[in-house]
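Residue numbers (our numbering): 114 to 382. Heads up, the beta-carbon is just placed ideally off N, CA and C, and yes, glycines get one too. Have a look at the structure below before the remarks.
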Amino acid sequence: KTAGLSGMAAEASPVLGGPASSVLATDISGAVSWADQCRKKGKMRAWVDMPDGGMLWTASLILLRYLEVDAGVDWTGKRVLEIGSGCGHLATGLARLGAHVTATESAEQKVSGNGFGHMQASVQRLLAERPDSAEPAGQNGALPAGKGPDGVSRGGTVRFRKLHWGLDDLPPADWSGFDVVILSELYFFTELHEALLGVLRHVLHPGMVAYSIFVDRPFSLGFLALLDDDQSFELEVAEFKEDFEHDCNEDDTENPIYFHTITRRSLKR
């Protein structure tokens, strides 16, 4: 993930810019391969600088692996909204598992340096790592995720939408119909917490689930407090099994990763 940037580069990145040298047959999403490319001294770094100046926050890969292996969800045909897709690894990985993902970013230059354009380019590059992907599919312009390392296409797609928190008019008919919302490494701008809460009120309905993950930052915890104060959301701590030996700091000290599921309380009659 990035703070408004994707990891697209003009030529292959030595970190995450091209196909991995070996792809595990059980790594349909690509999370394991990407995590292996983020290792330093045997541990996966908490963030990786991308060739274009962006930054990948690797907690997104931990979440992706959890969703693939431990969430108990058949992603085939699931409709997923990712708020703030950054480099697009989660969106791409979930599409490879069969989900129809709507990846969003802001196109506001003053906020993100056109994170939307970077996201599009990065996702297209990631999709191109697999056969039969990144070609337009259907009238909505969604891109197919292609075949997995097992040679099977699960029918997943990625499409792109602009979403600038707090400024967009979100028509209910246009932003409804999702099954799952993804919130990965989103809460670093405290001045946008209220706007993000407004977006979540709009898109997360009773019966849906949102997955939230971020590396320990005190100001990010403020958003969870805001959700709790709102009293229309339920937060539950979730546990992941695979952390790819995640390491937060250059001195090999570790900071915790906060992982939650978020649901919407039913309206009382």
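Below 8 Å on the Cβ atoms is my contact criterion, and I expect residue i with residue j to pass it. Report the Cβ-Cβ distance as a whole number of Å.
| i | j | result |
| --- | --- | --- |
| G268 | T139 | The pair is not a contact, with the Cβ atoms about 19 Å apart (cut-off 8 Å). |
| V328 | A159 | 5 Å |
| H359 | T171 | 7 Å |
| L240 | L256 | 6 Å |
| V214 | V182 | Contact doesn't hold; Cβ gap of about 18 Å is too wide. |
| T205 | V271 | 6 Å |
Taking buried to mean at least 16 other C-beta atoms within 10 Å of its own C-beta, is residue i buried or exposed?
| i | result |
| --- | --- |
| G279 | exposed |
| A258 | buried |
| Q344 | exposed |
| R377 | buried |
| F372 | buried |
| S379 | exposed |
| G143 | buried |
| L207 | buried |
| E307 | exposed |
| F229 | buried |
| A338 | exposed |
| V293 | buried |
| R178 | buried |
| F273 | buried |
| R330 | exposed |
| T303 | exposed |
| S333 | buried |
| V265 | exposed |
| G261 | buried |
| S135 | Because S135 sits at a pLDDT of 46, beneath the cut-off of 50, its placement in the model cannot be relied upon, and the following sentence gives the value as read from the coordinates. Classification for S135: exposed. |
| D356 | buried |
With respect to the alpha helix (DSSP H) encompassing residue i, which residues constitute its N-terminal and C-terminal limits?
| i | result |
| --- | --- |
| D341 | 331 to 343 |
| L239 | 228 to 240 |
Specify the secondary structure class of residue i as computed by DSSP and reduced to three states.
| i | result |
| --- | --- |
| I175 | helix |
| T205 | helix |
| T303 | helix |
| L256 | strand |
| E355 | coil |
| L276 | coil |
| V316 | helix |
| V182 | helix |
| G130 | Only weak support is given to the placement of G130: the predicted model assigns it a pLDDT of 45, under 50, and the value that follows is read from those uncertain coordinates. Reduced to three states, the DSSP call for G130 is coil. |
Hey, could you find the ends of the beta strand (DSSP E) residue i is sitting in?
| i | result |
| --- | --- |
| R377 | 370 to 377 |
| S386 | It is not possible to answer for residue 386, since the shown part of the chain is limited to 114 through 382. |
| A148 | Segment 144 to 149 is the alpha helix (DSSP H) holding A148; no beta strand (DSSP E) there. |
| S325 | 322 to 328 |
| R192 | 192 to 195 |
| T217 | 213 to 218 |
| L210 | Note, L210: premise wrong, no beta strand (DSSP E); not H, not E. |
| R158 | 156 to 158 |
| W170 | 168 to 170 |
| V350 | 346 to 350 |
Would you check whether the ligand SAM has a heavy atom nearer than 6 Å to the C-beta of residue i?
| i | result |
| --- | --- |
| R158 | Among the ligands in the structure shown, none appear at all, so the ligand SAM cannot be discussed. |
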